[in-house]
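Novice: Once you've had a glance at the structure underneath, I'll fire off some questions.
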Amino acid sequence: MAVQAVAQRFGSTSTRSSALNLKGIIVALTTPFDSDQRIDFDKMKHNLDIYEKIPLTGYLTTATNGEAPFLTPDERVQVVKFVREHTDKSKMVIGCSTAESTRLCAEMTTAMSNVGADGVLVMPPFYFKGKMTEEAILTHYRTVAETSGLPIVVYNNSKVTGMDISTSTLAKLAQHPLIRGVKDSDVRKCAATAQETKSLNFDVLCSSAGYLLPALVNGCSGSMNGLAGILGQECCDLYSAYQEGKFEKAREIQARLIKPDILVLGELGPPGLKSAMDMMGYFGGHCRRPILPTSEKDKLRITEVLR
């Protein structure tokens, strides 16, 4: 289904919060599938019911851990709608509307806005990365923001895109009132961007719980990460301990998060995370093909690292 048709299909049913809050821990949700590879919304509800008992700031849907490349635009909007309808309205719901064309990204962002997204996470277009000049990147994000009217978080994921948005470019984007933050995988870059944008209404979020404490120390507002999908309470406890000045407690929690993050998220990725979820009372299940299930050997490694 075309994205424009998706937006028209859902119409405007927004029940979003009045302001975008990016401070704290936002869990990067997985997308559960049934045996026929269709989205299993019953299993999604099961997971959300558990997450709702954890003091998370909100939910990131259909991004890397949500297997965004394997979802249709219609499915991505459906997931945003479902998560918004089945979580407390005080929790942020952030969709991922990454697309290669500005028009497609803007249309998907509008569709997500119509079903209640509080904001969207957007990677820069990267198929023609040689043409992604600073001007092209600035124009892309500003156009999406102004077309949709929805707050945007820039996703600087150089491992996927093969390109890195510079701190100076991020600082220019941060001057736009609807471009509200960046999720970055480089803790040094997080620190530099936080310093560069500290006078603006702009939040810097780290993308890994494995270096959450160093990121907070260096000015990050919080984190959007996948490890919170299995260790959400621990991530929130670390954030709270840091905010309360209980640095030794924060260091102790951080130490417990490093090995699971390296193995489950860093090495094994979405299938590893889903296997870990199955071990901890959530529903993980299988990824959409062509991604294959976690091997039995790797499942044993996950069991060991989660002890």
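Here the sequence shown stands for residues 1 to 307, numbered as in UniProt numbering. Don't be surprised by glycine CBs; every beta carbon is placed ideally from N, CA and C. This structure is a prediction, so every number in the text was calculated from the model and none was measured.
#1: Taking C-alpha atoms, which residue in Asp34, Gly24 and Pro69 lies nearest to Phe283?
#2: Determine, using beta-carbon pairs with one atom in the region 268 to 285 and one in the region 233 to 248, whether at least three such pairs fall under 8 Å.
#3: Do Met92 and Ile26 have their C-beta atoms closer together than 8 Å?
#4: If you follow the beta strand (DSSP E) that Tyr59 is in, where does it begin and where does it stop?
#5: Going straight from the alpha carbon of Ala192 to that of Asp36, what length do you get?
#6: For Arg84 and Thr110, I'd like the C-alpha separation in whole angstroms.
#7: What's the gap between the Cα of Ala63 and the Cα of Leu306?
#8: So, with DSSP's three-state summary, where would you put Asp118?
#9: Kindly give me the distance between the Cβ atoms of Val80 and Val115, rounded to whole angstroms, as I take these residues to be in contact under 8 Å.
#10: Over what stretch of residues does the alpha helix (DSSP H) that includes Asp49 continue unbroken?
#11: Among residues of its own chain, excluding the 5 on either side of Ser18, which ones have a beta-carbon nearer than 8 Å to its beta-carbon?
#12: What are the start and end residues of the beta strand (DSSP E) that includes Asp184?
Specialist: Here's the rundown:
#1: The residue you call residue 283 lines up with position 283 of the sequence shown. Ranking the options by Cα distance to Phe283, first place goes to Asp34.
#2: Contact fails between the region 268 to 285 and the region 233 to 248, because fewer than three Cβ pairs, one in each stretch, are under 8 Å apart.
#3: Counting from 1 along the sequence shown, the entry for residue 92 is found at position 92. Counting from 1 along the sequence shown, the entry for residue 26 is found at position 26. In this structure, Ile26 lies closer than 8 Å to Met92 by Cβ.
#4: Within the sequence shown, residue 59 is the residue found at index 59, counting from 1. Run containing Tyr59: Gly58 to Leu60, per the beta strand (DSSP E) assignment.
#5: Position 192 of the sequence shown, counting from 1, holds the residue named residue 192. Position 36 of the sequence shown, counting from 1, holds the residue named residue 36. Their backbone Cα atoms lie some 45 Å apart in a straight line.
#6: As a working mapping, residue 84 is identified with position 84 in the sequence shown. As a working mapping, residue 110 is identified with position 110 in the sequence shown. Roughly 15 Å separates the two Cα atoms.
#7: Locating residue 63 in the sequence shown gives position 63, counting from the first residue. Locating residue 306 in the sequence shown gives position 306, counting from the first residue. Those two C-alpha atoms are separated by around 24 Å.
#8: For this step, residue 118 is matched to residue 118 along the sequence shown. Of the three classes helix, strand and coil, the one that applies to Asp118 here is coil, per DSSP.
#9: On the sequence shown, residue 80 is found 80 positions in, with the first residue counted as 1. On the sequence shown, residue 115 is found 115 positions in, with the first residue counted as 1. Confirmed, Cβ separation roughly 5 Å.
#10: What you label residue 49 is simply residue 49 of the sequence shown in a count that begins at 1. First-last of the alpha helix (DSSP H) with Asp49: Phe41 to Tyr51.
#11: On the sequence shown, residue 18 is found 18 positions in, with the first residue counted as 1. Residue placement at Ser18 is flagged as unreliable, the pLDDT there being 44, under the threshold of 50; a coordinate-derived value is accordingly withheld.
#12: The count along the sequence shown starts at 1 and reaches residue 184 at position 184. Element bounds for Asp184: Ile179 to Asp184.
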